[in-house]
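**Student:** If you read the sequences in order, they're chains G and U.
Counting from 1, one number per residue, gives the positions in the first sequence under this note's numbering.
Counting from 1001, one number per residue, gives the positions in the second sequence under this note's numbering.
For glycine and all other residues, C-beta sits at the position ideal for the given N, C-alpha and C.
Small disclaimer: the values here were computed from a predicted structure and weren't measured.
There are 2 protein chains.
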Amino acid sequence: MVQSSIATDFERIFHPDKIAIIGFSKEGIGFGSGILFSLRAIGYSGEIYLVNPKGGTFNGQPIYARIEDIPGGFDLAIIAVPAQAVAEALEACLKKGAAGAEIFSSGFKELGTPEGIALEQEVTRIAAKGLRVIGPNCFGIYCPKSGLTVLPGPDLSRRPGPIAFSSQSGGMAVDFANLGKSMGLGFSKVVSFGNGCDLRETELLRYFGADPQTGIITMYIEGIQDGDAFFAALKQTAARKPVIINKGGLSEAGSRAVQSHTASMGGSRRIWQSILRQANAVQVNDMHEMAQTAMAFALLPPKVYRNITVLGGGGALGVAAADAAEAYGIKIPPFEPELAARIDALLPRPGSSPGNPVDVANPFVAPKTLRQIMRLAAGDERIDLQIFTSLLHHYKNQAKIFGKPVKEITPYVELADDIQAVVAETGKPIAVILSNPKSAPDHLDVVEMFVDARRVFAERGIPVFNHLTEAFKALGHLNIYYERKHP
Amino acid sequence: MVQSSIATDFERIFHPDKIAIIGFSKEGIGFGSGILFSLRAIGYSGEIYLVNPKGGTFNGQPIYARIEDIPGGFDLAIIAVPAQAVAEALEACLKKGAAGAEIFSSGFKELGTPEGIALEQEVTRIAAKGLRVIGPNCFGIYCPKSGLTVLPGPDLSRRPGPIAFSSQSGGMAVDFANLGKSMGLGFSKVVSFGNGCDLRETELLRYFGADPQTGIITMYIEGIQDGDAFFAALKQTAARKPVIINKGGLSEAGSRAVQSHTASMGGSRRIWQSILRQANAVQVNDMHEMAQTAMAFALLPPKVYRNITVLGGGGALGVAAADAAEAYGIKIPPFEPELAARIDALLPRPGSSPGNPVDVANPFVAPKTLRQIMRLAAGDERIDLQIFTSLLHHYKNQAKIFGKPVKEITPYVELADDIQAVVAETGKPIAVILSNPKSAPDHLDVVEMFVDARRVFAERGIPVFNHLTEAFKALGHLNIYYERKHP
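(1) Compare the Cα-Cα distances from Tyr482 of chain G to each of G:Ala296, G:Glu110, G:Tyr220 and G:Arg12 and report the closest residue.
(2) Helix or strand or just coil, what does DSSP make of Val1304 of chain U?
(3) Leaving out the 5 sequence neighbours to the left and right, which residues in its chain are closer than 6 Å to Phe1165 of chain U when beta-carbon positions are compared?
(4) Look up Pro1062 of chain U in the DSSP assignment and give the residues it is bridged to.
(5) Quick one: what does DSSP say Arg382 of chain G is sitting in, helix, strand or coil?
(6) Are the beta-carbon atoms of Gly196 of chain G and Arg240 of chain G separated by less than 8 Å?
(7) Which residues does DSSP pair with Ala101 of chain G in a beta bridge?
(8) If the criterion is Cβ atoms closer than 8 Å, does the pair Val304 of chain G and Ile244 of chain G meet it?
(9) Taking only beta-carbon atoms, is Phe1297 of chain U less than 8 Å away from chain G?
(10) Going by the beta-carbon positions, is the gap between Val1174 of chain U and Pro1152 of chain U smaller than 8 Å?
(11) To the nearest angstrom, how far is the alpha carbon of Tyr1220 of chain U from that of Ser390 of chain G?
(12) What residues from chain G crowd round Val1358 of chain U, counting only those whose CB sits closer than 9 Å?
(13) Use the C-beta contact count for Pro405 of chain G: other C-beta atoms within 10 angstroms, 16 or more gives buried, fewer gives exposed.
(14) To the nearest angstrom, how far is the alpha carbon of Gln1420 of chain U from that of Ile1462 of chain U?
(15) Shortest alpha-carbon distance to Val1422 of chain U belongs to which of U:Phe1450, U:Thr1410 and U:Arg1375?
(16) Would you be able to state if there are at least three C-beta pairs under 8 Å between the segment 1176-1188 of chain U and the segment 420-439 of chain G?
(17) Nearest to Asn488 of chain G by alpha carbon, out of G:Asn137, G:Asp198 and G:Val150?
(18) For Thr113 of chain G, does the count of other Cβ atoms within 10 angstroms reach 16, so buried, or fall short, so exposed?
(19) I need the straight-line Cα distance from Pro1367 of chain U to Trp1272 of chain U, nearest angstrom please.
(20) Which residues, in chain order, does the segment 420-444 of chain G contribute to contact with chain U at a C-beta distance below 9 Å?
(21) Just verifying my parser: in three-state terms, what is the DSSP assignment at Thr1369 of chain U?
(22) Quick one: grab the DSSP three-state call for Gly249 of chain G.
(23) Do we get a CB-CB distance below 8 Å when we pair Met219 of chain G with the residues of chain U?
(24) By a C-beta neighbour count over all protein chains shown, 10 Å radius and 16 as the cutoff for buried, is Glu1011 of chain U buried or exposed?
(25) Is there a C-beta anywhere in chain G that falls below 8 Å from the one on Ile1401 of chain U?
(26) Going by Cα to Cα distance, which pick from U:Ala1281, U:Ala1474 and U:Asp1359 is closest to Pro1334 of chain U?
(27) For the alpha helix (DSSP H) containing Met287 of chain G, list its first residue and its last residue.
(28) Have a look at U:Ala1077, U:Gly1056 and U:Leu1199 and flag the residue whose alpha-carbon is nearest the alpha-carbon of Asp1017 of chain U.
(29) Using the Cβ count rule (16 or more neighbours within 10 Å means buried), how would you classify Asp1198 of chain U?
(30) Across which residues does DSSP place Met1219 of chain U in a beta bridge pair?
(31) Can you find the residues in the same chain that come closer than 8 Å, C-beta to C-beta, to Asn1479 of chain U, ignoring five residues on each side of it along the sequence?
(32) Please confirm whether Ile430 of chain G and Phe1037 of chain U have their CB atoms less than 8 Å apart.
(33) Checking 8 Å against the spacing of the C-beta atoms, do Tyr1412 of chain U and Leu1444 of chain U come in under that value?
(34) Thinking C-alpha only, which one of U:Cys1093, U:Phe1388, U:Cys1138 and U:Ala1085 is nearest Leu1119 of chain U?
(35) List the residues of chain U whose Cβ lies closer than 7 Å to the Cβ of Lys396 of chain G, in chain order.
(36) Nearest CA to the CA of Ile1063 of chain U: which residue from U:Phe1024, U:Phe1139 and U:Gln1398?
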């Protein structure tokens, strides 16, 4: 890793007051016009300068023919010129005193050609003079607080949150940011660094570790540049904050795919597993597991969850929960007879079952009854957490019978309020499973209702999973992390 | 298992011309009025008789005070009276010559009380006289061809298909039928048999095995009644048709939950795994894996898929595919240089990669280009199947830029047509990954577009998975089944 001798001004890079888009073409849809559109759409409120040798104006804004023509300086450059022209542009940005540059252009080391490699070395050499480079072959930075966004990120959320993400893959960066938004998760910073010829995983990990805006670090890694430095930083950081890592390319074919994607070396599955384990980093297998695990870390108090309740409609769901729990070393202990009797008195007849799991037997049990049951169940002092398996899709038929919209008839807002209240009263978190088997074209109203229900639960800080197994997998990661952290 | 000496008339049970609803109340929403609503909504076109001691009429239709008052006979009774009144009703149905009865009522063996057990034994005794009982404590039968549906099934599909499902859990039966509908899968018969005091897993397995409408058998099992008979039937049936089994309650807590759900014995995990393996049944862990595996069996030609291609946008997706493939013993062999060069000539520059996986680098590559690439890739004679990873969600930004609806601007119909054409031309199937990270409230248009895209692909017989790992898991099941079947 090339380390600049000048202290990196991350503040100016992540929260730039002034941005220059180098390689802005007003014809067609290129990377330059794409990022302008994205920055405007997300509501970036700083100054944006446009640069193109042809000059002219765009929507009344001047297009500067040369970087030197920009009046005054700028904090961050976004470079979208052909690979051969990048070095010259970068030199000009350096002279202008920019703190950093995102290079969207590809055509560098990832080509595997001597020319591509040489062009990238040149960029690294210029960066070492005191300007940090993100890229090349990347989508840049998304920072909800400052309104900086990645190339395909006009529609990302402006709500900040505790999750940082660094990614060699630009596609993964934007998909993960979108997935987080869908799940109601907030980000501190997302960095797509592509080939990572300058700023990359180790420095970002250290920066996120020290960043007060970041509580949970997530990373998609294809290959690392300096193993020793990375693992030292990882061990130190994971001791303070959860670091969740999705390492791609651990198979033979995956390693080959990594090579042509970001020109990194894959590395052996066994070595990675063992080293991540030693550092107490959390290893996940894909983007979805990473998002769900990050959500669990973000929304659940930092502790080990050993004994839980499972409540909700559907006996088979209780059976499935019990089976899944065992696989992750989590217990669903049966209630004492006295508690079971008190819960039983609240349940509809027949078909219900008060043990733990609690089967309410009927998807239409009123939220206020569920609230009483959850409150009682939390009274069992062994219990660390409750899982509620909802069956909201069944309201579709009620809606049909009563001739009303499903969104109106389904009491998901009351349910979310009641769950939030039980959590506040009992001090024990509740995770909700919102699983929707009804997504055929004539069930779009149900699909919409689930999207809104997820929003309502997320706004109340309640973790929502699509499936039981996802919840247990995330809990399993939490448990291992906190067990090792506080043995 | 109690076996009637009289041959079971499954034809009259699954395709009844006349149904009697015993315990139809016109006040409130009970099981009786619920099933009438469901049968009318799904479009059951046979005769429906209503029975309630109070008599009267409902929407101009007579309500018979006694079963005996129904003019002539009926094929199937749907019984929704209190548990204590079930035996008498069943005797009356028997006298009327009904072929079968679905008993929705609960309050039997699942209570674990001497009274409940005795009531259930009485039902079994009456059934043995020559009327088959489905239930008690069940949701009944869904048969798209005849328009018979389960209690919460007014909105299920009328399109028949090759998948049969038997389930102890009513909730699982209706959720699985809905999930299948969402995925474009068709069913021959779905049976929720609850406590299964008469007709249950073994006989249904034999029946489905012989049923020409059924090509794939799926089962949710909590416990079985006669292990030897079941495994003999399983071995015999799985030799002819894939039998996919989700066994619930294999953990200690799961076994306890099974006990209070359908009063079955759970059984040991190791014994089940070994016995299912011996019978060459496919064991899955949950409803979603079951649906995806059934889809793969339904839509892919019966063979082992050893070498595949992975094509699509996103280098990280190619890496993830390669990693997942290895876990299931599937290979993504690199193309020969000549083929790679021909594919490379079609790819956009830069950022793409022609090897196998093929990274088209850009989510907006035209379907007709993708078609040429897929056609070339299928020309590699080692290849058994192709996986296409779509990135349709990226069109949301294009739609925003061009001010058009995302559904209009996204070429998913062309893509589906082109994929269908390549499959027809090359004789090699293509599975599609439709993964949508954009499901926040302001992305409902993307969510809707994905629902429609899934319909379009399903209508063309193209298997669609939400995630790469789901596709590989399903393929893995197929491979094991066909390897053992045709070693």
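**Tutor:** This is what the structure holds:
(1) Of G:Ala296, G:Glu110, G:Tyr220 and G:Arg12, the residue nearest in Cα terms is G:Ala296.
(2) Coil at Val1304 of chain U, not helix or strand.
(3) Phe1176, Val1190 and Thr1218
(4) U:Thr1057
(5) Here Arg382 of chain G sits in coil by DSSP.
(6) no
(7) G:Ala77 and G:Val133
(8) no
(9) Chain G, which has no Cβ nearer than 8 Å to the Cβ of Phe1297 of chain U, makes this no.
(10) yes
(11) Answer to the nearest angstrom: the Cα atoms are 20 Å apart.
(12) Using a Cβ-Cβ cut-off of 9 Å, Val1358 of chain U is close to nothing in chain G; its nearest Cβ partner there is about 10 Å away.
(13) Result: exposed.
(14) 7 Å
(15) U:Arg1375
(16) yes
(17) Because chain G in this structure spans residues 1 to 487, residue 488 of chain G falls outside the shown range and cannot be described.
(18) exposed
(19) Rounded to whole angstroms, Pro1367 of chain U and Trp1272 of chain U show a C-alpha spacing of 46 Å.
(20) Ser435, Asn436, Pro437, Lys438, Ser439, Ala440, Pro441, Asp442, His443 and Leu444
(21) helix
(22) coil
(23) no
(24) Looking at its Cβ environment, which holds fewer than 16 other Cβ atoms inside 10 Å, Glu1011 of chain U is exposed.
(25) Yes, Ile1401 of chain U lies at the interface with chain G (some Cβ there is under 8 Å from its Cβ).
(26) Looking at U:Ala1281, U:Ala1474 and U:Asp1359, the one whose alpha-carbon comes closest to that of Pro1334 of chain U is U:Asp1359.
(27) Met287 to Leu299
(28) U:Ala1077
(29) buried
(30) U:Ser1166 and U:Ile1245.
(31) Val1304, Tyr1305, Arg1306, Tyr1328, Gly1329 and Ile1330
(32) no
(33) In terms of Cβ geometry, Tyr1412 of chain U and Leu1444 of chain U do not form a close pair [threshold 8 Å].
(34) Of the listed residues, the one whose Cα sits closest to Leu1119 of chain U is U:Ala1085.
(35) Asp1155
(36) U:Phe1024
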